[in-house]
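Which chain is which? The protein sequence lines are G and X, in order. FYI, the numbering for the first sequence is 744 to 1065, going by the numbering used here. FYI, the numbering for the second sequence is 744 to 1065, going by the numbering used here.
Protein chains: 2
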Amino acid sequence: MATIRDVASLAGVSVATVSRVLNNNGYVHEDTRKKVVQAINKLDYKPNAVARSLYKKTSKSIGFIIPDITNPFFPQLVRAVESFFVEEGYTILLFNSDEELEHELKILEIMESKYVDGILIVSNTIGKDQLERLSIPVVAIDRVIDETIPTVSIDNYHGAREAVRLLLKKGCRNIAHIRGPENVYTAEERLKGYLDEMKAHGLPTYVYAGNYELKISMLTTMKLLSENAGIDGIFAGNDVMAVGAIKAASKLGITIPKELKIIGFDGIELAEAITPELTTMEQPILKLGRKSGELLLKLIQGEPLNTQHVTYHAKLVERNST
Amino acid sequence: MATIRDVASLAGVSVATVSRVLNNNGYVHEDTRKKVVQAINKLDYKPNAVARSLYKKTSKSIGFIIPDITNPFFPQLVRAVESFFVEEGYTILLFNSDEELEHELKILEIMESKYVDGILIVSNTIGKDQLERLSIPVVAIDRVIDETIPTVSIDNYHGAREAVRLLLKKGCRNIAHIRGPENVYTAEERLKGYLDEMKAHGLPTYVYAGNYELKISMLTTMKLLSENAGIDGIFAGNDVMAVGAIKAASKLGITIPKELKIIGFDGIELAEAITPELTTMEQPILKLGRKSGELLLKLIQGEPLNTQHVTYHAKLVERNST
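In structure tokens form, the structure reads like this:
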């Protein structure tokens, strides 16, 4: 395999000149540049990524920390991020953290030692201090960690209010909320939206704990329907829990949407796979992924951001469950 | 941040000696080793992963090529692989190939330049020549590429026969098969199993093209049910297509399992999320991931494999769709 020395020798220039051409920095005369490029092509020389990263303290890789790829929200996000960065010549190091702080800190340490160029993170557990002491640019996705950390997320609060308003418009008056896990940013915002919208109409609230998981939500729905006669609507904190609620209703012989209307949040593919198809507040997952990539790339390239926080709106998608 | 020179200086030894201790190779006297370790701890020295990989031509990373993370089969596989390798101190570079050969070849080139220590691949498009010319160990998962490439997969052929046998046992006689995409290894094996089992019972066969996708399968099911009166069973080539078949039946007002019985293949989480819950041939996805990690690690460490091909059996899981 050709080395940088072979290229320099064939082009009749120094190794340092070849390096300047490769890294596109420092002055190189146009004729010289051409000679070097010809030599590179002739020898089919491939600069070694590892050697380059040692020299430049960059590895053309992005570390991406997510809670759990088996949560159906994340595969679409990961694809969107990957396809953005592949176009830009970066590879993705993927880590599932289960949102355990200790594990997250270990991952950050690995990333530092591998010179990742930037970090994307979805986390509720990590703090801004732990991110700011890194010398690596960071963009948070989906969950706001701190005002000082650039973030791409959606407006969960107003999305939740809109979800509840749809149920009200459809005639529901006793609307329960199956909430996501405590201290998870998205779950807390959606809960707030539910409570404020119900209070604005002077209606009673029914909040039940869920964990963004299907089975627990199914059991919770059975409990909430048996404990409260007359529940005619459920706003589930995410689509996965809404699917659990639909399963519970089906087991109890309750007809959807006639006797009970259900709306979810997220817009994952599962929402369309089930019967009845789920009405939901759809997140622009591809946009979230792409925009977070754009922000991170700007930070890596040392460009200023126009805005630290980009917020999208969830879109109401009406299907058969309401 | 402490460097290897600081460690050497504090321990009163040469940089080469520190390097021998770090890499655990070459002779170092036990007293000297202790001094070096104390100096490392005292200075909180962290060997730089990039410098180490340049020196050792290893990066403690694994490249993992899958067709598409948004196909619900892969998130569970990726987690299983990641959790195995994280324990062993490796990171995962994830790539979605869409099974486009050109893209796969580009990914392999990137992996070489990054000194990945090993490659895991799920692919129908890549050939053994393209893998064998690499100087990196490779293990194929889910799909057999060639006898010479170590592979972890399941017995799709006999799994398919067992799926059809269940429908026969439940009284079905006109069983249709919605097949997976042409030239995809798993799809061809499952088709063969269906055809052989039906022929063994002297029963007619009905094969319709699917693409491992939900929507196409839904349309295909509508077509097959309208073209063939008396279809009483459907063996779908994967769970995602089985869910599409269930949706079609529901739209046509056909009762499952009374009028039509449906069985899938894979055992993804979606199979349990829908109503009626799907009977399926469940793959041991976690075992597939873990075992392929074990084989690859052995190859990386230069150990011999007891067997080149590990084959698991799919397990029949009966639910409400049959």
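Built from N, CA and C at the ideal position, the CB exists for glycine as well. Source: prediction; values computed, not measured.
(message) Do G:V829 and G:L1038 count as a contact pair if the criterion is CB distance below 7 Å?
(response) Here residue 1038 of chain G is taken as the residue at index 295 of the first sequence, counted from 1. Here residue 829 of chain G is taken as the residue at index 86 of the first sequence, counted from 1. Contact flag unset, no.
(request) Return the bridge partner residues of X:G1007 from the DSSP annotation. (result) In the second sequence, the residue the question calls residue 1007 of chain X occupies position 264. DSSP, once it has assigned bridges, lists X:T1023 as partnering X:G1007.
(message) I believe X:V821 touches X:L836 by the beta-carbon criterion, under 8 Å. Please report the beta-carbon distance rounded to the nearest angstrom.
(response) Taking the first residue of the second sequence as 1, we reach residue 821 of chain X at position 78. Taking the first residue of the second sequence as 1, we reach residue 836 of chain X at position 93. At roughly 12 Å, the Cβ-Cβ gap does not stay under 8 Å, so X:V821 and X:L836 are not in contact.
(message) Under DSSP, the beta strand (DSSP E) around X:V1060 begins and ends at which residues?
(response) Stepping through the second sequence from its first residue, residue 1060 of chain X is reached at position 317. Taken as a continuous stretch (DSSP letters only), the beta strand (DSSP E) holding X:V1060 covers K1058 to V1060.
(message) Just verifying my parser: in three-state terms, what is the DSSP assignment at X:V756?
(response) Taking the second sequence and counting its residues from 1, the one referred to as residue 756 of chain X is at position 13. If DSSP states are grouped into helix, strand and coil, X:V756 belongs with coil.
(request) Classify G:Y949 as helix, strand or coil using the three-state DSSP reduction. (result) Translated into positions along the first sequence, residue 949 of chain G becomes position 206. If DSSP states are grouped into helix, strand and coil, G:Y949 belongs with the strands.
(request) Could you list which residues in chain G have their beta carbon closer than 9 Å to that of X:N839, in chain order? (result) Here residue 839 of chain X corresponds to residue number 96 of the second sequence, with the count starting at 1. Think of a sphere of 9 Å around the beta carbon of X:N839: the chain G residues whose beta carbon falls inside it are V821, R822, E825, S826 and V829, in chain order.
(message) Taking 6 Å as the limit between beta carbons, can you name the residues of its chain near X:A754, skipping five residues before and five after?
(response) Walking along the second sequence from the start, residue 754 of chain X turns up at place 11. If we look at X:A754 and ignore the five residues flanking it on each side, its Cβ neighbours are K778, V779 and A782.
(message) Short of 6 Å in beta carbon distance, which residues of its chain neighbour X:M961, apart from the five on each side in sequence? Order them along the chain.
(response) Locating residue 961 of chain X in the second sequence gives position 218, where the first residue counts as 1. Excluding positions up to five away in sequence, the list reads G987, K990 and A991.
(request) Put G:L995 into one of helix, strand or coil per three-state DSSP. (result) Stepping through the first sequence from its first residue, residue 995 of chain G is reached at position 252. Note: G:L995 maps to coil in three-state DSSP.
(request) Anything in chain G within Cβ reach of X:L1029, meaning under 9 Å, just list it in chain order. (result) The residue given as residue 1029 of chain X occupies position 286 in the second sequence. Under the 9 Å cutoff, chain G gives no residues; its nearest Cβ is about 11 Å from X:L1029.
(request) Rounded to whole angstroms, what's the CA-CA distance from G:P1019 to G:S1064? Just pull it up for me. (result) Against the first sequence, residue 1019 of chain G aligns to sequence position 276. Against the first sequence, residue 1064 of chain G aligns to sequence position 321. C-alpha separation (whole angstroms): 6 Å.
(message) Once DSSP output is grouped into helix, strand and coil, what is the label at G:Y955?
(response) On the first sequence, position 212 is the one that residue 955 of chain G refers to. Looking at G:Y955 - three-state DSSP - the assignment turns out to be coil, as it is neither helix nor strand.
(request) Check whether the Cβ of X:L836 lies closer than 7 Å to any Cβ atom in chain G. (result) Taking the first residue of the second sequence as 1, we reach residue 836 of chain X at position 93. X:L836 has a beta carbon lying within less than 7 Å of a beta carbon in chain G.
(request) Enumerate in chain order the residues of its own chain whose CB-to-CB distance from G:P1000 is below 8 Å, with the five nearest sequence positions on each side excluded. (result) Sequence index remark: in the first sequence, residue 1000 of chain G carries index 257 (1-based). Only K913, P1019, N1063, S1064 and T1065 meet the Cβ criterion.
(message) Can you find the residues in the same chain that come closer than 6 Å, C-beta to C-beta, to G:A906, ignoring five residues on each side of it along the sequence?
(response) Residue numbering aside, residue 906 of chain G sits at position 163 when the first sequence is read from its first letter. Result list for G:A906: F978, I1006 and M1024, in chain order.
(request) Over the uninterrupted beta strand (DSSP E) stretch that includes X:V882, give me the two end residues. (result) Position 139 of the second sequence holds residue 882 of chain X. V881 to I884 is the extent of the beta strand (DSSP E) around X:V882.
(request) Tell me whether G:V824 sits in a helix, a strand or coil according to DSSP, three-state version. (result) Against the first sequence, residue 824 of chain G aligns to sequence position 81. DSSP places G:V824 in helix when its eight states are reduced to three.
(request) Could you please tell me which residues of the segment 853-877 of chain G, in chain order, have their CB closer than 7 Å to any CB of chain X? (result) I853, S856, K857 and Y858
(request) Assuming X:L995 and X:L968 form a contact by the criterion Cβ under 8 Å, report the distance between their Cβ atoms to the nearest whole angstrom. (result) By one-based count along the second sequence, residue 995 of chain X stands at place 252. By one-based count along the second sequence, residue 968 of chain X stands at place 225. The Cβ separation is near 6 Å, so the contact holds.
(message) Rounding to the nearest angstrom, what Cα-Cα distance links X:K942 and X:P924 in this structure?
(response) Position 199 of the second sequence, counted from the first residue, corresponds to residue 942 of chain X. Position 181 of the second sequence, counted from the first residue, corresponds to residue 924 of chain X. Spanning the two alpha carbons is a distance of roughly 22 Å.
(message) Going by the DSSP bridge assignment, what does G:L934 pair with across the sheet?
(response) Indexing the first sequence from 1 puts residue 934 of chain G at position 191. BP columns for G:L934 are empty, so no partner.
(request) Note down, in chain order, each residue of its chain lying with its Cβ closer than 6 Å to the Cβ of X:E1061, except the 5 sequence neighbours on either side. (result) Counted from its first residue, the second sequence places residue 1061 of chain X at position 318. Contacts found: T1022.
(message) For a contact defined as C-beta to C-beta under 7 Å, what are the partners of X:V986 on chain G?
(response) The residue you call residue 986 of chain X lines up with position 243 of the second sequence. Chain G residues near X:V986: A1016.
(request) Leaving out five residues on either side along the sequence, give the residues of the same chain with a beta carbon under 6 Å from the beta carbon of G:G1032. (result) Position 289 of the first sequence, counted from the start, is the residue given in the question as residue 1032 of chain G. These residues qualify, in order along the chain: L820, A823 and V824.
(request) Anything in chain X within Cβ reach of G:K1125, meaning under 7 Å, just list it in chain order. (result) The structure shown does not extend to residue 1125 of chain G, since chain G spans only 744 to 1065, so no value can be given for it.
(message) Strictly under 7 Å for the Cβ-Cβ distance: is X:L957 near chain G by that measure?
(response) Stepping through the second sequence from its first residue, residue 957 of chain X is reached at position 214. Output row for X:L957: interface = yes.
(request) Give a yes or no on whether 7 Å exceeds the smallest Cβ distance from G:I1005 to chain X. (result) On the first sequence, residue 1005 of chain G is found 262 positions in, with the first residue counted as 1. Chain X, which has no Cβ nearer than 7 Å to the Cβ of G:I1005, makes this no.
(request) Tell me whether G:N981 is buried or exposed, calling it buried when 16 or more other Cβ atoms sit within 10 Å of its Cβ. (result) Residue 981 of chain G sits at position 238 when you count from the first residue of the first sequence. Buried.
(message) What residue range does the alpha helix (DSSP H) around G:H901 cover?
(response) Taking the first residue of the first sequence as 1, we reach residue 901 of chain G at position 158. Note, G:H901: alpha helix (DSSP H), N899 to K912.
(message) Restricting to Cα atoms, I'd like to know which of X:N899, X:D774 and X:S757 is closest to X:K1058.
(response) Here residue 1058 of chain X is taken as the residue at index 315 of the second sequence, counted from 1. Nearest C-alpha to X:K1058: X:N899.
(request) Kindly indicate which residue of X:E970, X:E1012, X:G936 and X:D872 has the alpha-carbon position closest to the one of G:I812. (result) Translated into the one-based positions of the first sequence, residue 812 of chain G becomes position 69. Looking at the Cα atoms, X:E1012 is the closest of the given residues.
(message) Any beta carbon of chain G sitting closer than 7 Å to that of X:T813?
(response) By 1-based counting over the second sequence, the position of residue 813 of chain X is 70. Chain G contact via Cβ: present.
(message) Counting only Cβ pairs nearer than 8 Å, list the residues of chain G close to X:S993.
(response) Start at 1 with the first residue of the second sequence, and residue 993 of chain X comes out as number 250. Residues of chain G whose Cβ lies closer than 8 Å to the Cβ of X:S993 are, in chain order, T1018.
(message) What residue range does the alpha helix (DSSP H) around G:I974 cover?
(response) Start at 1 with the first residue of the first sequence, and residue 974 of chain G comes out as number 231. Run containing G:I974: none; DSSP gives neither H nor E here.
(request) With DSSP collapsed to three states, give me the class of X:R876. (result) Mapped onto the second sequence, residue 876 of chain X falls at position 133. X:R876 falls in the coil class under three-state DSSP.
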